[in-house]
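Counted the way this note's numbering counts, the sequence shown spans residues 59 to 263.
Glycine included, C-beta positions come from ideal geometry on N, C-alpha and C.
Here is the structure we will look at.
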Amino acid sequence: MIIAIDGPAASGKGTLSKQLAAHYRLPHLDTGLLYRGVALAMTIARQPLEDAALAEAAARNLKLDDLSDPRLRSAEMGGAASIVAAIPAVRAALLDFQRAFANQPAGAVLDGRDIGTVVAPHADAKLFVTATAEERARRRVRELRGRGAHADEAQILADIQARDARDGARSVAPLKAAPDARLLDTTNLDIDAAFRAAVALIDGA
Numbered sequence: 059m060i061i062a063i064d065g066p067a068a069s070g071k072g073t074l075s076k077q078l079a080a081h082y083r084l085p086h087l088d089t090g091l092l093y094r095g096v097a098l099a100m101t102i103a104r105q106p107l108e109d110a111a112l113a114e115a116a117a118r119n120l121k122l123d124d125l126s127d128p129r130l131r132s133a134e135m136g137g138a139a140s141i142v143a144a145i146p147a148v149r150a151a152l153l154d155f156q157r158a159f160a161n162q163p164a165g166a167v168l169d170g171r172d173i174g175t176v177v178a179p180h181a182d183a184k185l186f187v188t189a190t191a192e193e194r195a196r197r198r199v200r201e202l203r204g205r206g207a208h209a210d211e212a213q214i215l216a217d218i219q220a221r222d223a224r225d226g227a228r229s230v231a232p233l234k235a236a237p238d239a240r241l242l243d244t245t246n247l248d249i250d251a252a253f254r255a256a257v258a259l260i261d262g263a
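Here's what the structure looks like:
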């Protein structure tokens, strides 16, 4: 069974996807880490994020082991990932990797922004997970402060709104729900309630 989970930043799709992978005993891939990995590699090499050729090279050299670097979870890498993800050559370079992961014999859970529309349009179940920008900003603040990091809620809200605009307006694989995706708004749901709602939607798909 392939489960595709899409949605904007801080909507809760990452946490939800991990829970669903454990519930259905499937491997899980946070595809956003691939783009963060490209951004981190370019940042370390002091390369401009907008350079399509360099970004493509970084994408083709990315390894699964690179996705365990804790620096990938920073707010800086989140914004940088949105920039490199808008480059068509980067998305093309990472597409085969994602499809191979999705097409494992037992299936998989993948979360990102174009899983149900581009990576795995044949997925058995598709969810589009969302929440208001304000609630997503509050969640990101709690997450960062929980790790002892400084978090300016107004700035984080502005960053989330900017990412939403970039992700929705890019020419290749823009962020949008697949026509057959089930919508799950987590604005007023805690983690447990969101998980129960997701399982109900998937089992009823």
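{"Asked": "8 angstroms Cβ cutoff met for alanine 139 and arginine 94", "Found": "yes"}
{"Asked": "Rounded separation between glycine 136 and alanine 255 - CA only", "Found": "27 angstroms"}
{"Asked": "First and last residue of the uninterrupted beta strand (DSSP E) at lysine 184", "Found": "183 to 188"}
{"Asked": "One or two residues paired with glycine 170 in a DSSP bridge", "Found": "Asp64"}
{"Asked": "Alpha-carbon to alpha-carbon, valine 230 and alanine 144", "Found": "7 angstroms"}
{"Asked": "Environment of proline 66 [buried if 16+ CB atoms lie within 10 Å]", "Found": "buried"}
{"Asked": "Beta-carbon proximity check, leucine 125 vs leucine 78, cutoff 8 angstroms", "Found": "no"}
{"Asked": "Beta-bridge partners of aspartate 88, as assigned by DSSP", "Found": "Asp169"}
{"Asked": "From Pro179, Ala189, Ser132, residue whose alpha carbon lies closest to that of glutamine 156", "Found": "Pro179"}
{"Asked": "Terminal residues of the alpha helix (DSSP H) in which leucine 242 lies", "Found": "First-last for leucine 242: 240 to 243, but that is the beta strand (DSSP E), not the alpha helix (DSSP H)."}
{"Asked": "As assigned by DSSP and simplified to three states, the class of serine 126", "Found": "helix"}
{"Asked": "Exposure of valine 200, with buried meaning 16 or more beta-carbon neighbours within 10 Å", "Found": "Note that residue 200 is arginine in the sequence shown, not valine. Flag for arginine 200 reads exposed."}
{"Asked": "Alpha-carbon to alpha-carbon, histidine 208 and arginine 118", "Found": "33 angstroms"}
{"Asked": "Buried versus exposed call for isoleucine 260 [16 or more other C-beta atoms within 10 Å across all chains shown]", "Found": "buried"}
{"Asked": "Reduced DSSP category for serine 132 - H, G, I as helix; E, B as strand; rest coil", "Found": "coil"}
{"Asked": "Glutamate 193 versus asparagine 161: straight-line alpha-carbon distance, rounded", "Found": "34 angstroms"}
{"Asked": "Glutamine 162 (DSSP reduced to helix, strand or coil)", "Found": "coil"}
{"Asked": "Proximity winner among Ala147, Leu122, Ala151, Ala68, relative to serine 132 (alpha-carbon distances)", "Found": "Ala68"}
{"Asked": "Opening and closing residue of the alpha helix (DSSP H) in which threonine 73 lies", "Found": "71 to 82"}
{"Asked": "Whole-number beta carbon distance between isoleucine 61 and alanine 181, since they are thought to touch under 8 angstroms", "Found": "6 angstroms"}
{"Asked": "Selection from Leu122, Pro128, Lys234, Val142 that minimises the alpha carbon distance to alanine 97", "Found": "Val142"}
{"Asked": "DSSP state of alanine 113 mapped onto helix, strand, coil", "Found": "helix"}
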